[in-house]
Amino acid sequence: MPPPASSIAVRAEALVKTFGSTRALDGVDLEIPAGTVLGLLGPNGAGKTTTVRILTTLLRPDSGRAFVAGHDVIADPDAVRRSIGLSGQYAAVDEHLTGYENLYMVGRLYGKNRTDATARARELLSRFRLQDAADRPAKTYSGGMRRRLDLAGALVAEPAVVVLDEPTTGLDPRGRLDTWEVIGELVADGATVLLTTQYLEEADQLANTILVIDHGKVIASGTADQLKGQVGGERLEIVVGEPAELAAVSRVLAEVGSDEPTTDEQHRRVQVKVDTGPKALVEALRRLDQESVAVLDVALHRPTLDDVFLSLTGHAAEDEPEVETEGKRKGRKAKSR
Amino acid sequence: MSVITAGTRDSGVVTWRNLMNVRRQPDLLLGATLQPIMFVLLFAFVFGNSIGDDPGAYREFLMGGIFAQTVAFNSAYTTIGMAADLEKGVIDRFRSLPMSRAAVLIGRTTSDLVVSALGLLVMSVCGLLVGWRIRGSVLDAVFGYGVLLLFSFAVSWVGAWVGMVSGSVQVAQSAGFIWMFPVTFISSAFVSASSMPGPLKAFAEWNPVTAVADAARELFGNKRAGVLGQSDAWPAQHSVLYATLSCVVLLVVFTPIAVAKYRKVASK
Numbered sequence: 001m002p003p004p005a006s007s008i009a010v011r012a013e014a015l016v017k018t019f020g021s022t023r024a025l026d027g028v029d030l031e032i033p034a035g036t037v038l039g040l041l042g043p044n045g046a047g048k049t050t051t052v053r054i055l056t057t058l059l060r061p062d063s064g065r066a067f068v069a070g071h072d073v074i075a076d077p078d079a080v081r082r083s084i085g086l087s088g089q090y091a092a093v094d095e096h097l098t099g100y101e102n103l104y105m106v107g108r109l110y111g112k113n114r115t116d117a118t119a120r121a122r123e124l125l126s127r128f129r130l131q132d133a134a135d136r137p138a139k140t141y142s143g144g145m146r147r148r149l150d151l152a153g154a155l156v157a158e159p160a161v162v163v164l165d166e167p168t169t170g171l172d173p174r175g176r177l178d179t180w181e182v183i184g185e186l187v188a189d190g191a192t193v194l195l196t197t198q199y200l201e202e203a204d205q206l207a208n209t210i211l212v213i214d215h216g217k218v219i220a221s222g223t224a225d226q227l228k229g230q231v232g233g234e235r236l237e238i239v240v241g242e243p244a245e246l247a248a249v250s251r252v253l254a255e256v257g258s259d260e261p262t263t264d265e266q267h268r269r270v271q272v273k274v275d276t277g278p279k280a281l282v283e284a285l286r287r288l289d290q291e292s293v294a295v296l297d298v299a300l301h302r303p304t305l306d307d308v309f310l311s312l313t314g315h316a317a318e319d320e321p322e323v324e325t326e327g328k329r330k331g332r333k334a335k336s337r
Numbered sequence: 338m339s340v341i342t343a344g345t346r347d348s349g350v351v352t353w354r355n356l357m358n359v360r361r362q363p364d365l366l367l368g369a370t371l372q373p374i375m376f377v378l379l380f381a382f383v384f385g386n387s388i389g390d391d392p393g394a395y396r397e398f399l400m401g402g403i404f405a406q407t408v409a410f411n412s413a414y415t416t417i418g419m420a421a422d423l424e425k426g427v428i429d430r431f432r433s434l435p436m437s438r439a440a441v442l443i444g445r446t447t448s449d450l451v452v453s454a455l456g457l458l459v460m461s462v463c464g465l466l467v468g469w470r471i472r473g474s475v476l477d478a479v480f481g482y483g484v485l486l487l488f489s490f491a492v493s494w495v496g497a498w499v500g501m502v503s504g505s506v507q508v509a510q511s512a513g514f515i516w517m518f519p520v521t522f523i524s525s526a527f528v529s530a531s532s533m534p535g536p537l538k539a540f541a542e543w544n545p546v547t548a549v550a551d552a553a554r555e556l557f558g559n560k561r562a563g564v565l566g567q568s569d570a571w572p573a574q575h576s577v578l579y580a581t582l583s584c585v586v587l588l589v590v591f592t593p594i595a596v597a598k599y600r601k602v603a604s605k
């Protein structure tokens, strides 16, 4: 097979990697057109990080092949390393070096001379709003600042492909928004980005194409809209004040909806899939009014990626019974469904 | 740019980064300098007065041993440093960069060599204060420090390997020191090997620490050191040659092992 066409920045074919008896990757294919963002979405242990480590030459696959910026990750890892910038799951920032020194060091290790490395470090510090903290050791930085510094490190050599492995894991909501903004700018500048995340919301926000991965296999791919379309329809949600009224609501929603309504007694909430959108909403409210049911809250929403994940895998993305590493779930709101 | 030029530049950058780390963590530096001072004072005054008849002679004997022991112990910094870089993901970042593969290891062992040199300086001053003197020629003294630094560098590569095998900083913190105790104490660093029971004596006589300690004594002209009884084993008779050879062997064995381990260790 010839190397991929130049419009494809990253291509992986049938990647397999086993650790002992665990098949971490079981034939993963992916393709990222230049200038786009691919979101690799999946729960902990799905194979996201293994994929990233193979594409960044940190790990050799057992079988399969991959090209990054036209270079074979197995045959020509050095060329791949010159074409990528990696920002890891744990910010690999040297906490005793200042922000400036961290970026200067990375620049030098990419082969820049002193002048260029200095100029590039200063430029990135101001772009990532770190200029005021530039000469302070990184250990004095907040979590969000460290992550920005780590991101800046990935961009020092203006790489063709930027790989962001769970860029917001462990950040508080403010740090997360901050990081999203920076990634958004990156994307606007036309970078090719491979982004892994276990946050559905994040993939929805940042990625052009989403690849859903579970147990080492790609189980779905497409744009966020396409994936949501697979689940189909919109969901109508009604919340009432009295548990006694749930039965009536359920009966009404069964009439206007296109599947069986689900009742959440704890939150006094009934949901149903609808095909006619606002019409179904109006109709449901009219009938509930006739029956004198006091409606507290009503919502019509398009399926979220949570719904997508649930319908694809049979389990929610966030309910994996995994041992969590430190900080993984910080800042995450518990969701019930 | 040639491979060697790039490798040298990368190693230099990593050395700089490690030394900045030492500079910003004064407690690290304090450990590397206070510990040998403590050893000099403890051995000179606690042991010195009970070993042999002449405390002054023991102090002369002692310094070569403390020098050898301290540079050997400094390899634990290499061990812990490597383990910490692995644990924090710094090695992952390095491995994803188009830099020389050996630069991380060379940078680490080089920066620890600088720390060792500093330790030797502090110890020498401390030794002078308790009555130790360099009695040989300047050239011999230079060779003496040379052998000590070569030994420091060689053991540092062993330490780098131990650090990568350890897998975590916690393990490295004990693993880095634990093998040092038998290696430095079953030697002629503090007592004469000739007074040890059979197997220990054999180990001590062929132990590179013994050879390095004896070589330092010889090159610094601390002849009175002989008062404790000189071993007649071949290494004792040719301490400078044997010390140098041991360092070369350590480097020849552990440089490739450490580089191979480095390639493998982050690929988990």
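For the record, the sequence lines run as chains A and B. Sequential numbering from 1 applies to the first sequence in this note's numbering. Sequential numbering from 338 applies to the second sequence in this note's numbering. Where a beta carbon is used, it is the ideal one built from N, C-alpha and C, also for glycine.
For this session: Can you grab the Cα-Cα spacing for the pair A:Arg-332 / A:His-96, in whole Å?
Result: Model confidence at A:Arg-332 stands at a pLDDT of 35, short of 50, so the residue's coordinates are unreliable; what they give is reported in the following sentence. C-alpha of A:Arg-332 to C-alpha of A:His-96: approximately 29 Å in a straight line.
Problem set entry | Whether A:Ala-14 touches A:Gly-88 by CB criterion (7 Å) | Taking 7 Å as the Cβ cut-off, A:Ala-14 and A:Gly-88 do not qualify as a contacting pair.
Problem set entry | Supposed contact pair A:Thr-223 and A:Glu-202 - C-beta distance, whole angstroms, cut 8 Å | Their Cβ separation, rounded to whole angstroms, is 15 Å, which puts A:Glu-202 and A:Thr-223 out of contact at 8 Å.
For this session: Determine the DSSP secondary structure at A:Ser-87, reduced to helix, strand or coil.
Result: Correct three-state label for A:Ser-87: strand.
Exercise. By the 10 Å Cβ neighbour count, where 16 or more other Cβ atoms means buried, how is A:Glu-245 classified, buried or exposed?
Worked result: In summary, A:Glu-245 is buried, with 16 or more beta-carbon neighbours lying within 10 Å of its beta-carbon over all protein chains present.
Problem set entry | CA nearest to the CA of B:Trp-543, picked from B:Lys-601, B:Gly-481, B:Ile-523, B:Val-528 | Residue B:Ile-523 holds the alpha-carbon nearest to the alpha-carbon of B:Trp-543 among B:Lys-601, B:Gly-481, B:Ile-523, B:Val-528.
Problem set entry | Residue of A:Arg-176, A:Asp-264, A:Val-231 minimising C-alpha distance to A:His-301 | Of A:Arg-176, A:Asp-264, A:Val-231, the residue nearest in Cα terms is A:Val-231.
Problem set entry | Proximal residues of chain B, C-beta to C-beta of A:Pro-137 below 7 Å | Contacts between A:Pro-137 and chain B, judged by CB atoms closer than 7 Å, involve Arg-361 in chain order.
Problem set entry | chain B within 7 Å of A:Thr-313, Cβ atoms only | Answer no: the Cβ-Cβ gap between A:Thr-313 and chain B never drops below 7 Å.
Exercise. In terms of DSSP beta bridges, what is A:Asp-178 paired with?
Worked result: The partner list for A:Asp-178 (beta bridge, DSSP) is empty, contrary to what the question assumes.
For this session: Would you kindly check if the distance between the Cβ of B:Gly-402 and the Cβ of B:Ala-509 is under 7 Å?
Result: Taking 7 Å as the cut-off, the Cβ atoms of B:Ala-509 and B:Gly-402 do not count as close.
For this session: Enumerate in chain order the residues of its own chain whose CB-to-CB distance from A:Gly-42 is below 6 Å, with the five nearest sequence positions on each side excluded.
Result: Contacts found: Lys-48, Ile-213, Asp-214.
For this session: Give a yes or no on whether the C-beta atoms belonging to A:Ala-117 and A:Tyr-104 are separated by under 7 Å.
Result: Against a cut-off of 7 Å, the Cβ pair of A:Tyr-104 and A:Ala-117 comes out as a contact.
Exercise. Buried or exposed: which applies to B:Ala-405, given that a residue is buried once 16 or more other Cβ atoms fall within 10 Å of its Cβ?
Worked result: Around the CB of B:Ala-405, 16 or more other CB atoms lie within 10 Å, so the residue is classed as buried.
Problem set entry | A:Leu-58 (DSSP reduced to helix, strand or coil) | It is coil, neither helix nor strand.
Problem set entry | Secondary structure of B:Lys-538, DSSP reduced to three states | In this structure, B:Lys-538 counts as helix in the three-state DSSP scheme.
For this session: May I ask you to report which of helix, strand or coil DSSP gives A:Ser-221?
Result: In the structure shown, A:Ser-221 falls within a strand segment according to DSSP collapsed to helix, strand and coil.
Exercise. Less than 7 Å separating the beta-carbons of A:Leu-86 and A:Val-28?
Worked result: No; because the gap between Cβ atoms is not below 7 Å, this pair is not in contact.
Problem set entry | Nearest candidate by alpha-carbon position, reference B:Leu-379, set B:Ala-420, B:Leu-399, B:Ser-583, B:Pro-363 | Nearest C-alpha to B:Leu-379: B:Leu-399.
Exercise. Candidates B:Gly-481, B:Gly-393, B:Ala-570: which alpha carbon is nearest B:Arg-554's?
Worked result: The shortest Cα separation from B:Arg-554 among B:Gly-481, B:Gly-393, B:Ala-570 belongs to B:Gly-481.
For this session: Identify whether B:Arg-470 lies in helix, strand or coil by the three-state DSSP scheme.
Result: Coil, per DSSP.
For this session: Using a threshold of 7 Å, state whether the C-beta atoms of A:Pro-303 and A:Lys-228 are closer than that.
Result: In this structure, A:Pro-303 sits near A:Lys-228, with a CB-CB distance shorter than 7 Å.
Problem set entry | B:Asp-569 burial status per 10 Å Cβ neighbour count (16 or more: buried) | In the assembly as shown, B:Asp-569 is an exposed residue. Its beta-carbon has fewer than 16 other beta-carbons within 10 Å.
For this session: May I ask you to report which of helix, strand or coil DSSP gives A:Pro-173?
Result: If DSSP states are grouped into helix, strand and coil, A:Pro-173 belongs with the helices.
Exercise. Going along chain B, which residues have a C-beta under 7 Å from A:Gly-88?
Worked result: Residues of chain B passing the Cβ test: Gly-426, Asp-429, Arg-430.
Problem set entry | Neighbouring residues, chain B, relative to A:Gly-99 (Cβ below 9 Å) | Within 9 Å Cβ-Cβ: nothing; A:Gly-99 doesn't reach chain B, min ~13 Å.
Exercise. Considering only residues of the same chain and omitting the five flanking positions on each side of B:Asp-422, which have a CB-CB separation below 7 Å?
Worked result: Cβ within range, chain order: Ile-428.
For this session: Flag A:Ala-12 as yes if its beta-carbon sits less than 7 Å from any beta-carbon of chain B, otherwise no.
Result: Between A:Ala-12 and chain B, the shortest Cβ-Cβ separation is not below 7 Å.
Exercise. Counting contacts by CB-CB distance shorter than 7 Å, is A:His-96 in contact with chain B?
Worked result: Closer than 7 Å to some Cβ of chain B, the Cβ of A:His-96 qualifies, so yes.
Problem set entry | Rounded separation between A:Gln-205 and A:Val-37 - CA only | Approximately 11 Å, taken between the alpha carbons.
Exercise. In this structure, what does DSSP give as the bridge partners for A:Gln-271?
Worked result: Paired residues: A:Glu-237, A:Thr-262.
Exercise. Across which residues does DSSP place A:Val-162 in a beta bridge pair?
Worked result: Paired residue(s): A:Gly-85, A:Val-193.
Exercise. Nearest chain A C-beta to B:Asn-357 closer than 7 Å, yes or no?
Worked result: Contrary to the premise, residue 357 of chain B reads as Met rather than Asn in this sequence. Yes, because at least one Cβ of chain A sits closer than 7 Å to the Cβ of B:Met-357.
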